[in-house]
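Under the numbering used here, think of the first position of the sequence shown as 40, with each following residue one higher.
Single-structure report; data block below.
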Amino acid sequence: LNFNDIEFPIDLKGIDKFEKQNNIFINHKYYCNNNDPDNIVMPEKGASIQFKNYQREMKVPFVVYADFESILKPIHTCEPNPEESFTNIYQKHIPIGFCYYIKSDFMEFTPVTYTAKDRVLTSPK
40 LNFNDIEFPI DLKGIDKFEK QNNIFINHKY YCNNNDPDNI VMPEKGASIQ
90 FKNYQREMKV PFVVYADFES ILKPIHTCEP NPEESFTNIY QKHIPIGFCY
140 YIKSDFMEFT PVTYTAKDRV LTSPK
């Protein structure tokens, strides 16, 4: 799909432009003119909600599960100037490993893992 010169969030003019650029027809005018506007109702503060309309679920072609691990190395710095804006950097994340897995009903995937070598864990910087 061609998203050139399309700004998000997209307005109605942008949908027309998107349709022309991609030679497709979404028919958004029909949906906008024949349906009531959305009425978003938020739950009360502290209330719990749960999903119960399982018949309305939409299946997705795949899901990616990922996990990253790191060591937090302390950083010793000088005192920041209280007269200026600053970020107090006190730890450095040193990545030591990751794993990701793609789950799909259409293909089989093997989990991908990586663990850092010892020299990365003992590097002086």
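Note that beta-carbon positions come from the ideal geometry of N, C-alpha and C, so glycine has one too.
All of these numbers come straight from a predicted model, not from anything done at the bench.
Residue i (DSSP reduced to helix, strand or coil)
{"i": "G136", "result": "strand"}
{"i": "Y93", "result": "helix"}
{"i": "F125", "result": "coil"}
{"i": "D55", "result": "helix"}
{"i": "P100", "result": "coil"}
Check: residue i C-beta below 6 Å from any heavy atom of the ligand SAM
{"i": "F125", "result": "For the structure depicted, the ligand SAM is absent and the ligand set is empty, with no information on it obtainable."}
When the options are compared against residue i, the one with the closest alpha-carbon
{"i": "I63", "options": "E83, F42, T154", "result": "F42"}
{"i": "Q102", "options": "K52, M146, D44", "result": "One detail in the question is off: residue 102 reads as Val in this sequence, not Gln. Ranking K52, M146, D44 by Cα distance to V102 puts M146 first."}
{"i": "C117", "options": "G53, N127, P150", "result": "N127"}
Whole-number beta carbon distance between residue j and residue i, since they are thought to touch under 8 Å
{"i": "K156", "j": "K131", "result": "K156 to K131, Cβ: 18 Å. No contact."}
{"i": "E58", "j": "I65", "result": "6 Å"}
Residue interval of the beta strand (DSSP E) (run including residue i)
{"i": "T152", "result": "151-154"}
ask   = Is it a yes or a no for the segment 85-92 touching the segment 133-143, going by three-plus beta-carbon pairs under 8 Å?
value = Cβ pair count under 8 Å is below three, so no.
query = Are three or more beta carbon pairs between the segment 118-128 and the segment 140-153 nearer than 8 Å?
reply = Pairwise C-beta distances place the segment 118-128 out of contact with the segment 140-153, as fewer than three of them are shorter than 8 Å.
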